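As numbered in this note's numbering, the sequence shown has no gaps in its residue numbers, which increase by one up to the final residue, 1056.
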Amino acid sequence: MFGPTFDPDIGRQAARIASGPCAVPNSLRSHGELRLAFGQRNGRTVMKDSYQAGCLRARMPRRDEGGRPCAVLINTAGGLAEGDSVRQSVRWAAETSATVTGQAAEKVYRALSHGCRIYTQLRVEQGADAEWLPQETILFDRARLARETRILLDADVTFLGLEAVVLGRAAMGERMAHGALGDRMRIYRNGRLIYADALALEGDVDAMMRRSAIGGGAGAMAVIVHASARAAALLEPVRQALAEPAGRAAASAWNGLLAIRLLAPDGAALRADIMAALMALREGRPLPRVWRC
764 MFGPTFDPDI
774 GRQAARIASG
784 PCAVPNSLRS
794 HGELRLAFGQ
804 RNGRTVMKDS
814 YQAGCLRARM
824 PRRDEGGRPC
834 AVLINTAGGL
844 AEGDSVRQSV
854 RWAAETSATV
864 TGQAAEKVYR
874 ALSHGCRIYT
884 QLRVEQGADA
894 EWLPQETILF
904 DRARLARETR
914 ILLDADVTFL
924 GLEAVVLGRA
934 AMGERMAHGA
944 LGDRMRIYRN
954 GRLIYADALA
964 LEGDVDAMMR
974 RSAIGGGAGA
984 MAVIVHASAR
994 AAALLEPVRQ
1004 ALAEPAGRAA
1014 ASAWNGLLAI
1024 RLLAPDGAAL
1034 RADIMAALMA
1044 LREGRPLPRV
1054 WRC
């Protein structure tokens, strides 16, 4: 129903981040699985299927966001810790239009040995308009996270997606000094790979991020991707919106795809730049209310 199964290979470096023996008994681990599917009913987009298990839940506010339904994802465990895993899959059927976001920032806590995993698969079918806008993932010191996102697009679709990471809560005087992050995103159009992004940080993350060729001292980062026939036309508005970023920003467009990379000193600066970019890409439509709480 949701296309190909999750790919268990997230790269050798990333796989090592959440491998080996776990220091916590399985009975104490938190596992979540979520499968959502949007469909058409009487000319409106509605939630057609919803499977929720473990720590993952989805809620639909009664009031649409900007004229489209918005599903809010919730991790009832309050975050991810040693040995936890999350699998989430969302399908937008043909001609549907919906947004999926998160209730709050996801938090990844200190790992004892094994770390945790997040798998995400998104399927967008012909003529659909899909938005995947989770809030930031915050990594605490000595966290270990392996994350993979696979996005499967039909040819004539509109897709807007975001993945953001904050390395410690700067406002609390915290920073992710050591730990590991293996992060991989793949986008396919009609089964053909059109975008690949991979990141592997392990060990002294703080020192790595201070290097000019990696993070230039940044403590937060994000990737925003937009795929549509109008991707190239949106490039200049995005660059204007990010002309004076709180951090560092760059955007480029090619072959029906627009990609934005952001680096920022902390989570607050990153969020300011994310919101500026999203406002340009969403052409003035307000962000989901959970982003403005």
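C-beta atoms are modelled at their ideal positions from N, C-alpha and C, and glycine is treated no differently.
Quantities reported herein were computed from a predicted structural model and do not represent experimental measurements.
Just the C-alpha distance for P771 and T921, rounded to the nearest angstrom, thanks.
Taking the first residue of the sequence shown as 1, we reach residue 771 at position 8. Taking the first residue of the sequence shown as 1, we reach residue 921 at position 158. Residue placement at P771 cannot be trusted, given a pLDDT of 42 that sits under 50; the coordinates are not used to answer.
I want to know whether the region 999-1018 touches the region 858-876 - three or more CB-CB distances under 8 Å.
no
Nearest-angstrom Cα distance between D827 and M972?
One-based indexing of the sequence shown puts residue 827 at position 64. One-based indexing of the sequence shown puts residue 972 at position 209. Going from the Cα of D827 to the Cα of M972 covers about 39 Å.
Report the three-state DSSP secondary structure of V853 (helix, strand or coil).
For this step, residue 853 is matched to residue 90 along the sequence shown. The answer is strand: DSSP assigns V853 an E or B state.
Is A734 helix, strand or coil by DSSP?
This structure leaves residue 734 out entirely; the chain is present only between 764 and 1056.
Segments assigned beta strand (DSSP E), at least 3 residues, entirely inside the region 919-981:
921-930, 942-952 and 955-966
Measuring CB atoms only, is the region 899-911 touching the region 1046-1053, in the sense that at least three cross pairs come out at less than 8 Å?
no
Around the Cβ of C1056, are there at least 16 other Cβ atoms within 10 angstroms (buried) or fewer (exposed)?
In the sequence shown, residue 1056 corresponds to position 293, counting from 1. By the 10 Å Cβ count, C1056 comes out exposed.
Would you mind reading off the limits of the beta strand (DSSP E) that contains A861?
Taking the first residue of the sequence shown as position 1, residue 861 is located at position 98. S860 to G865 is the extent of the beta strand (DSSP E) around A861.
Would you kindly work out how many angstroms separate the C-alpha atoms of G766 and A994, rounded to a whole number?
Position 3 of the sequence shown, counted from the start, is the residue given in the question as residue 766. Position 231 of the sequence shown, counted from the start, is the residue given in the question as residue 994. Summary for G766: the model assigns pLDDT 37, below 50, so the residue's position carries little reliability, and this model does not support an answer.
Can you tell me whether E828 is helix, strand or coil according to DSSP?
Counting from one through the sequence shown, the residue named residue 828 turns up at place 65. Strand.
Can you tell which of L1026, G966, Y951 and A934 has its C-alpha closest to the C-alpha of A976?
The sequence position of residue 976 within the sequence shown is 213, counting from 1. Nearest C-alpha to A976: L1026.
Backbone CA spacing between A777 and R947 [nearest angstrom]
On the sequence shown, residue 777 is found 14 positions in, with the first residue counted as 1. On the sequence shown, residue 947 is found 184 positions in, with the first residue counted as 1. Caution is warranted here: a pLDDT of 45 is assigned to A777, below 50, making its placement in the model unreliable, and no coordinate value can be reported.
Can you tell which of L896, T859, R880 and I901 has the C-alpha that lies nearest to the C-alpha of G1058?
For the chain, the structure presents residues 764 to 1056; residue 1058 sits outside this window and is missing.
Where are the beta strand (DSSP E) runs, 3 residues long or more, that stay fully inside the region 888-920, in chain order?
892-896, 900-902 and 907-916
Residues that DSSP places opposite S746 in a beta bridge:
Outside the shown range of the chain, which is 764 to 1056, sits residue 746, and nothing can be said about it.
Could you spell out the range, first to last residue, of the beta strand (DSSP E) harbouring V986?
Along the sequence shown, one-based indexing puts residue 986 at 223. Where V986 is concerned, the enclosing beta strand (DSSP E) stretches over A983 to A990.
Residue nearest to A963 in terms of C-alpha spacing, selected from A943, D969 and I950:
Taking the sequence shown and counting its residues from 1, one reaches residue 963 at position 200. Nearest C-alpha to A963: A943.
May I have the straight-line CA-CA distance separating T900 from D812, to the nearest angstrom?
Within the sequence shown, numbered from 1, the residue matching residue 900 stands at position 137. Within the sequence shown, numbered from 1, the residue matching residue 812 stands at position 49. Going from the Cα of T900 to the Cα of D812 covers about 26 Å.
Inspect the CB distances between the region 978-987 and the region 924-935 and report whether three or more fall short of 8 Å.
yes
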